[in-house]
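Q:
There are 2 protein chains.
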Amino acid sequence: MIYFDNSASTLVKPKEVQQMVNLAMNKFSANPGRSGHRQSLLTGSEVENVRQNLADFFCFSNPERVIFTQNCSDALNLAILGSAKQNGHVICTENEHNSSLRPLQYLKEKGIINYTIVSQSEKKGITKNDIEKNILPNTYLIICNHISNVNGDKAEIEEIGKLCQSKNILFLVDGAQSAGHEEINMEKFKIDMLAIAPHKGFYSLQGLGVLLLSEKANISPIRFGGTGTNSLELNQPSILPERFEVGTLPTPAILGLGGGLIFVKNNYKEIREKLEDLTTFLHYELSKLPIKIYTHPDNANGVLSFNIPSLHSNEVCSILNEKWGICTRGGYHCAPKKHQSLNTLETGTVRVSFSYFNSINEVQKLLGAVKNILKSSKI
Amino acid sequence: MIYFDNSASTLVKPKEVQQMVNLAMNKFSANPGRSGHRQSLLTGSEVENVRQNLADFFCFSNPERVIFTQNCSDALNLAILGSAKQNGHVICTENEHNSSLRPLQYLKEKGIINYTIVSQSEKKGITKNDIEKNILPNTYLIICNHISNVNGDKAEIEEIGKLCQSKNILFLVDGAQSAGHEEINMEKFKIDMLAIAPHKGFYSLQGLGVLLLSEKANISPIRFGGTGTNSLELNQPSILPERFEVGTLPTPAILGLGGGLIFVKNNYKEIREKLEDLTTFLHYELSKLPIKIYTHPDNANGVLSFNIPSLHSNEVCSILNEKWGICTRGGYHCAPKKHQSLNTLETGTVRVSFSYFNSINEVQKLLGAVKNILKSSKI
Numbered sequence: 330m331i332y333f334d335n336s337a338s339t340l341v342k343p344k345e346v347q348q349m350v351n352l353a354m355n356k357f358s359a360n361p362g363r364s365g366h367r368q369s370l371l372t373g374s375e376v377e378n379v380r381q382n383l384a385d386f387f388c389f390s391n392p393e394r395v396i397f398t399q400n401c402s403d404a405l406n407l408a409i410l411g412s413a414k415q416n417g418h419v420i421c422t423e424n425e426h427n428s429s430l431r432p433l434q435y436l437k438e439k440g441i442i443n444y445t446i447v448s449q450s451e452k453k454g455i456t457k458n459d460i461e462k463n464i465l466p467n468t469y470l471i472i473c474n475h476i477s478n479v480n481g482d483k484a485e486i487e488e489i490g491k492l493c494q495s496k497n498i499l500f501l502v503d504g505a506q507s508a509g510h511e512e513i514n515m516e517k518f519k520i521d522m523l524a525i526a527p528h529k530g531f532y533s534l535q536g537l538g539v540l541l542l543s544e545k546a547n548i549s550p551i552r553f554g555g556t557g558t559n560s561l562e563l564n565q566p567s568i569l570p571e572r573f574e575v576g577t578l579p580t581p582a583i584l585g586l587g588g589g590l591i592f593v594k595n596n597y598k599e600i601r602e603k604l605e606d607l608t609t610f611l612h613y614e615l616s617k618l619p620i621k622i623y624t625h626p627d628n629a630n631g632v633l634s635f636n637i638p639s640l641h642s643n644e645v646c647s648i649l650n651e652k653w654g655i656c657t658r659g660g661y662h663c664a665p666k667k668h669q670s671l672n673t674l675e676t677g678t679v680r681v682s683f684s685y686f687n688s689i690n691e692v693q694k695l696l697g698a699v700k701n702i703l704k705s706s707k708i
Numbered sequence: 330m331i332y333f334d335n336s337a338s339t340l341v342k343p344k345e346v347q348q349m350v351n352l353a354m355n356k357f358s359a360n361p362g363r364s365g366h367r368q369s370l371l372t373g374s375e376v377e378n379v380r381q382n383l384a385d386f387f388c389f390s391n392p393e394r395v396i397f398t399q400n401c402s403d404a405l406n407l408a409i410l411g412s413a414k415q416n417g418h419v420i421c422t423e424n425e426h427n428s429s430l431r432p433l434q435y436l437k438e439k440g441i442i443n444y445t446i447v448s449q450s451e452k453k454g455i456t457k458n459d460i461e462k463n464i465l466p467n468t469y470l471i472i473c474n475h476i477s478n479v480n481g482d483k484a485e486i487e488e489i490g491k492l493c494q495s496k497n498i499l500f501l502v503d504g505a506q507s508a509g510h511e512e513i514n515m516e517k518f519k520i521d522m523l524a525i526a527p528h529k530g531f532y533s534l535q536g537l538g539v540l541l542l543s544e545k546a547n548i549s550p551i552r553f554g555g556t557g558t559n560s561l562e563l564n565q566p567s568i569l570p571e572r573f574e575v576g577t578l579p580t581p582a583i584l585g586l587g588g589g590l591i592f593v594k595n596n597y598k599e600i601r602e603k604l605e606d607l608t609t610f611l612h613y614e615l616s617k618l619p620i621k622i623y624t625h626p627d628n629a630n631g632v633l634s635f636n637i638p639s640l641h642s643n644e645v646c647s648i649l650n651e652k653w654g655i656c657t658r659g660g661y662h663c664a665p666k667k668h669q670s671l672n673t674l675e676t677g678t679v680r681v682s683f684s685y686f687n688s689i690n691e692v693q694k695l696l697g698a699v700k701n702i703l704k705s706s707k708i
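Here the protein sequences come in this chain order: A and B. Mapping of the first sequence onto my numbering: residues 330 to 708, in sequence order. Mapping of the second sequence onto my numbering: residues 330 to 708, in sequence order.
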């Protein structure tokens with residue numbers, strides 16, 4: 330079996346992650362931040378270490394503003410619903426995932442906001458200019474997907490961040506497909522809110538998202554309840570991170586992320602090179618074949634989409650799976666506006682997405698399978 | 330170390346749970362419900378099995394209406410915020426956790442609802458009559474904590490459920506402290522929404538809650554985003570469970586719950602007997618001492634609260650922890666109204682909460698420690 334669906338979830342969990350999860354089940358299984366006894370404090374201390382290490386990784390100076398959520402979609406919901414301003418305007422891009430688009434559409438239908446979906450003027454990704462020309466006097470939030478989960482297009486987030494700062498507009502980056510292998514420096518890039526998916530780029534467990542929240546991002550909670558602090562108050566406490574972390578934390582996934590951070594830091598250069606090499610090699614070889622590639626050759630970010638003419642993407646993925654044991658993803662990738670602009674609303678795309686644990690040999694097998702499908706489809 | 334804080338989170342995770350979590354990291358780590366390849370389908374099938382087994386456990390006939398959430402607080406938020414009716418009235422009890430009280434208070438302050446907190450007229454728990462006399466013409470929801478996390482008081486949920494059905498009022502049960510060792514038959518008890526905390530009574534991982542949602546409970550989502558279905562639609566899909574499950578599911582915690590369900594089903598009688606025996610023994614022995622017990626002797630539900638006169642609960646817990654290595658929880662237990670009615674707003678309570686993995690021998694050690702503290706505090 331060859332697994333090329335790492336943009337949905339990385340398959341292989343490194344030993345650093347597995348060890349921490351097993352420690353969470355055997356040593357750190359008390360509830361962190363709920364009681365004053367040794368077991369609870371020990372677990373709490375492990376959780377706070379991960380918060381600190383995550384803040385460090387993204388050059389962010391407020392670990393108490395690192396918020397653990399259910400998943401990256403939940404982090405985006407907190408950022409978008411929590412910052413909503415009556416009669417305000419939001420800008421997002423054609424690369425956004427439904428996890429940004431659907432909360433925006435909900436707010437719009439409730440009569441709270443309006444939003445503009447910005448198109449890409451250049452082939453490689455969203456630029457500062459694409460965003461700038463759409464700013465209105467009431468624009469309070471700009472949402473920018475960092476790397477497209479459909480085809481790897483990459484936005485100029487540093488330039489866009491500086492633009493947001495100069496206009497005093499909140500800047501939310503969806504780092505679901507970039508965090509772990511792309512540079513994201515919250516301070517330098519002037520990012521106010523960063524949402525990440527640890528089960529992807531940090532090779533950790535499903536069941537955890539993170540929202541890093543700058544001091545400028547003064548948002549409201551979207552859930553309410555037990556926080557282990559101010560228990561006698563019926564209102565949500567104002568202290569962070571508790572204000573946004575309701576109920577028991579997902580400790581095993583948090584500790585697993587701690588292991589994932591160690592793995593990524595120890596192998597950062599190799600991970601980046603691996604993703605770049607695999608994507609570049611696949612692109613180069615596919616471009617010799619009579620197929621449609623939707624990924625720019627410069628965007629060697631670990632994600633590549635293509636289609637074989639006259640075949641639906643799901644059909645191709647199904648053959649790859651059944652005949653060759655190769656896991657790719659077909660259809661739509663929860664990013665409808667991107668499919669509109671790629672003109673793939675009817676067919677979707679065959680998406681290949683890599684992790685550090687893939688190899689050139691596996692890509693060669695995929696190429697062989699694609700050639701075979703091309704040959705068969707001509708008959 | 331003796332761990333008596335199982336109402337916050339069970340410490341010992343049985344092998345059935347640990348094995349499933351490790352399988353989730355090594356065999357079932359693809360994203361369930363996102364792609365059509367074998368790895369995704371295999372993981373998806375495991376997730377659906379747990380959904381079915383949970384439905385069976387609670388005598389509930391709609392597995393597709395078993396909704397996986399971040400934690401029990403998140404499940405309660407979905408139930409309460411998702412069912413909110415403008416100008417409606419909600420009834421809850423003095424035993425509710427902040428995870429019910431705070432969403433209610435939020436809705437009240439937004440001018441959406443009003444709510445009544447019902448007091449206990451009897452010593453052992455909330456009765457049908459306590460609820461019934463507070464029903465107003467616009468009451469659309471009754472929330473009832475099943476077993477109090479403060480002192481183990483137990484509500485008459487079957488009678489209250491039948492009352493709700495006769496009045497056509499939605500019935501939400503907070504089963505955080507009861508599910509796994511108390512009978513909860515959704516069909517027989519006429520429960521519309523049941524929220525549970527798998528890391529407590531099912532000995533599973535932190536990072537998962539569940540809301541079981543009857544067909545009568547036609548609620549709205551509170552988060553929006555990727556569901557793997559209807560990807561081209563900007564509105565949340567209407568199909569369940571996807572309508573309420575946004576983003577990637579916490580697969581390891583779900584599969585862990587699958588293991589927990591097996592463990593609980595295989596040891597159901599023994600678990601119930603153990604909790605009853607330990608609570609009864611502790612109650613009997615403590616009642617010989619000059620201390621204040623807040624738990625009714627008939628409520629041998631695995632939770633017992635007490636105080637040593639003239640000592641704050643946190644002080645007692647601190648001595649138990651430091652001098653005796655015994656983990657209990659002091660202060661408030663996220664249930665402010667219960668502390669008001671127990672007259673413990675100043676001191677909180679020392680809470681002892683058991684799991685199947687505790688022993689009479691451990692309780693004897695606690696009793697020895699309490700006697701020692703009593704002796705020392707007189708000096």
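Idealized CB from N, CA, C, for every residue including glycine.
1) At least one CB of chain B closer than 8 Å to the CB of Ala582 of chain A: is that the case?
2) Can you pull out the residues from the region 547 to 558 of chain B whose beta carbon lies closer than 8 Å to at least one beta carbon of chain A?
3) Looking at the structure shown, is Leu370 of chain A part of a helix, part of a strand, or coil, going by DSSP?
4) Taking Cβ-Cβ distances below 7 Å as the criterion, which residues of the region 331 to 355 of chain B are in contact with chain A?
5) For Tyr332 of chain B, count the other beta carbons within 10 Å of its own beta carbon; 16 or more makes it buried, fewer makes it exposed. Which is it?
6) Can you list the residues of chain A that Ser358 of chain B reaches, using a CB-CB cut of under 7 Å?
7) Give the residues from the region 636 to 663 of chain B that approach chain A closer than 9 Å (Cβ to any Cβ), ordered along the chain.
8) Measure the CB-CB distance between Val419 of chain A and Gly588 of chain A and report whether it falls below 8 Å.
9) Answer with buried or exposed for Asn690 of chain B, where buried requires no fewer than 16 other C-beta atoms within 10 angstroms of its C-beta.
10) In angstroms, rounded to a whole number, what distance separates the CA positions of Arg363 of chain A and Arg394 of chain B?
11) Buried or exposed: where does Gln565 of chain A fall if 16 or more other Cβ atoms within 10 Å of its Cβ makes it buried?
12) Say whether chain B places a C-beta atom closer than 8 Å to the C-beta of Arg572 of chain A.
13) Beta-carbon within less than 6 Å of Ile455 of chain A's beta-carbon, same chain only, minus the 5 sequence neighbours each way: which residues are those?
14) Please return the same chain residues whose Cβ sits closer than 7 Å to the Cβ of His662 of chain A, not counting the five positions on each side in sequence.
15) Whole angstroms is fine: what's the gap from Lys462 of chain B's alpha carbon to Gln669 of chain B's?
16) May I ask you to verify whether the region 394 to 413 of chain B touches the region 570 to 584 of chain B, counting CB pairs closer than 8 Å and requiring at least 3?
17) For Met330 of chain B, count neighbouring C-beta atoms within 10 Å of its own C-beta (all shown protein chains included) and say buried if the count is 16 or more, exposed if not.
18) Considering only DSSP beta bridges, list what Tyr435 of chain A is partnered with.
19) I'd like the list of long-range same chain contacts for Val376 of chain A, defined as Cβ closer than 7 Å, with 5 residues on each side in sequence excluded.
20) Could you check where the alpha helix (DSSP H) with Asn690 of chain A kicks off and where it finishes?
21) Going along the chain, which residues of its own chain have a beta-carbon closer than 7 Å to the beta-carbon of Leu586 of chain B, five neighbours each way excluded?
22) How is the beta strand (DSSP E) around Arg680 of chain A delimited, first residue to last?
23) Using a Cβ-Cβ cut-off of 8 Å, state whether Asn400 of chain A counts as contacting chain B.
24) Out of A:Ile525, A:Lys414, A:Leu615 and A:Asn559, point me to the one whose CA is closest to Arg431 of chain B's CA.
25) Hey, out of A:Phe500, A:Asn427 and A:Leu607, whose CA is closest to Lys666 of chain A's CA?
26) Run through the region 476 to 529 of chain B for me and flag every whole alpha helix (DSSP H) of 4 or more residues, listed as ranges in chain order.
27) Cβ of Ala359 of chain A within 8 Å of Cβ of Ser369 of chain A?
28) Looking only at its chain, what residues have a beta carbon closer than 6 Å to the beta carbon of Ile472 of chain A, apart from the 5 residues adjacent to it on each side?
29) Does any C-beta atom of chain A lie closer than 8 Å to the C-beta of Gln415 of chain B?
30) First and last residue of the alpha helix (DSSP H) that includes Leu541 of chain A?
31) So, with DSSP's three-state summary, where would you put His668 of chain B?
32) For Thr609 of chain A, which residues in the same chain have their Cβ closer than 6 Å to its Cβ, ignoring the five residues on either side in sequence?
33) Closer than 8 Å, CB to CB, is Ser503 of chain A near chain B or not?
34) State buried or exposed for Ser705 of chain A, treating a residue as buried only when at least 16 other CB atoms are found within 10 Å of its CB.
35) Apply the 10 Å Cβ neighbour rule to Ser374 of chain B and answer buried if 16 or more other Cβ atoms are within range, or exposed otherwise.
36) Run down chain B in chain order and give the residues with a C-beta less than 7 Å from the C-beta of Thr422 of chain A.
A: Let me lay it out:
1) On the first sequence, position 253 is the one that residue 582 of chain A refers to. Closer than 8 Å: yes.
2) So the list reads Ile551, Arg552, Phe553, Gly554, Gly555, Thr556 and Gly557, given in the order they occur along the chain.
3) As a working mapping, residue 370 of chain A is identified with position 41 in the first sequence. Helix at Leu370 of chain A.
4) When C-beta distances to chain A are compared with 7 Å, the residues of the region 331 to 355 of chain B below that value are Tyr332, Asp334, Ala337, Ser338, Leu340, Lys342, Gln347, Val350 and Met354, in chain order.
5) On the second sequence, position 3 is the one that residue 332 of chain B refers to. So Tyr332 of chain B ends up on the buried side.
6) Position 29 of the second sequence holds residue 358 of chain B. Within chain A, the C-beta atoms nearer than 7 Å to that of Ser358 of chain B come from Ser338, Leu340 and Lys342, in chain order.
7) Correct list: Asn643, Cys646, Ser647, Leu649, Asn650, Glu651, Gly654, Ile655, Cys656, Thr657, Arg658, Gly659, Gly660, Tyr661, His662 and Cys663.
8) To locate residue 419 of chain A, count along the first sequence from 1; it is residue 90. To locate residue 588 of chain A, count along the first sequence from 1; it is residue 259. The Cβ-Cβ distance between Val419 of chain A and Gly588 of chain A does not fall below 8 Å.
9) As a first step, residue 690 of chain B must be located in the second sequence, where it is residue number 361. Counting Cβ neighbours within 10 Å, Asn690 of chain B comes out exposed, since fewer than 16 surround it.
10) Working through the first sequence from its first residue, we reach residue 363 of chain A at position 34. Working through the second sequence from its first residue, we reach residue 394 of chain B at position 65. The C-alpha of Arg394 of chain B is placed about 31 Å away from the C-alpha of Arg363 of chain A.
11) Position 236 of the first sequence, counting from 1, holds the residue named residue 565 of chain A. By the 10 Å Cβ count, Gln565 of chain A comes out buried.
12) Taking the first residue of the first sequence as position 1, residue 572 of chain A is located at position 243. With a threshold of 8 Å between beta carbons, Arg572 of chain A makes no contact with chain B.
13) Numbered from its first residue, the first sequence carries residue 455 of chain A at position 126. Only Thr422, Gln449 and Ala484 meet the Cβ criterion.
14) Counted from its first residue, the first sequence places residue 662 of chain A at position 333. Result list for His662 of chain A: Asn478, Val479 and Arg680, in chain order.
15) Position 133 of the second sequence, counted from the start, is the residue given in the question as residue 462 of chain B. Position 340 of the second sequence, counted from the start, is the residue given in the question as residue 669 of chain B. Computed Cα separation, rounded: 21 Å.
16) Cβ pair count under 8 Å is three or more, so yes.
17) Within the second sequence, numbered from 1, the residue matching residue 330 of chain B stands at position 1. Exposed.
18) On the first sequence, position 106 is the one that residue 435 of chain A refers to. Paired residues: none, contrary to the question.
19) The residue labelled residue 376 of chain A in the question sits at position 47 within the first sequence. So the qualifying residues of the chain are Pro361, Leu578, Thr580 and Ile583.
20) In the first sequence, residue 690 of chain A corresponds to position 361, counting from 1. Residues Ile689 to Lys707.
21) The residue labelled residue 586 of chain B in the question sits at position 257 within the second sequence. The answer, listed in chain order, is Val379, Pro527, Phe531, Ser533 and Leu537.
22) For this step, residue 680 of chain A is matched to residue 351 along the first sequence. Under the DSSP assignment, Arg680 of chain A falls in the beta strand (DSSP E) whose first and last residues are Val679 to Ser682.
23) Against the first sequence, residue 400 of chain A aligns to sequence position 71. Closer than 8 Å: yes.
24) Working through the second sequence from its first residue, we reach residue 431 of chain B at position 102. Closest option to Arg431 of chain B, Cα to Cα, is A:Asn559.
25) Residue mapping note: residue 666 of chain A aligns to position 337 of the first sequence, counting from 1. Of all alpha-carbon atoms in A:Phe500, A:Asn427 and A:Leu607, the one lying nearest the alpha-carbon of Lys666 of chain A is that of A:Asn427.
26) Along the length of the region 476 to 529 of chain B, whole alpha helix (DSSP H) runs at least 4 residues long occupy 486 to 496, reported in chain order.
27) Residue numbering aside, residue 359 of chain A sits at position 30 when the first sequence is read from its first letter. Residue numbering aside, residue 369 of chain A sits at position 40 when the first sequence is read from its first letter. Cβ distance < 8 Å, so Ala359 of chain A and Ser369 of chain A count as in contact.
28) Position 143 of the first sequence, counted from the first residue, corresponds to residue 472 of chain A. Correct list, in chain order: Cys421, Ser429 and Leu501.
29) The count along the second sequence starts at 1 and reaches residue 415 of chain B at position 86. Answer no: the Cβ-Cβ gap between Gln415 of chain B and chain A never drops below 8 Å.
30) Position 212 of the first sequence, counted from the first residue, corresponds to residue 541 of chain A. DSSP places Leu541 of chain A in no alpha helix (DSSP H) but in the uninterrupted beta strand (DSSP E) bounded by Gly538 to Leu542.
31) Position 339 of the second sequence, counting from 1, holds the residue named residue 668 of chain B. His668 of chain B carries a helical assignment under DSSP once its states are collapsed to helix, strand and coil.
32) Sequence index remark: in the first sequence, residue 609 of chain A carries index 280 (1-based). Cβ neighbours of Thr609 of chain A within its own chain (closer than 6 Å, five residues either side excluded): Ala629.
33) As a first step, residue 503 of chain A must be located in the first sequence, where it is residue number 174. The sequence shown places Asp at residue 503 of chain A, rather than the Ser named in the question. Not an interface residue.
34) Stepping through the first sequence from its first residue, residue 705 of chain A is reached at position 376. With fewer than 16 other Cβ atoms from the protein chains shown falling within 10 Å of its own Cβ, Ser705 of chain A counts as exposed.
35) Taking the second sequence and counting its residues from 1, the one referred to as residue 374 of chain B is at position 45. Ser374 of chain B should be labelled exposed.
36) Within the first sequence, residue 422 of chain A is the residue found at index 93, counting from 1. Simply none; closest approach about 15 Å.
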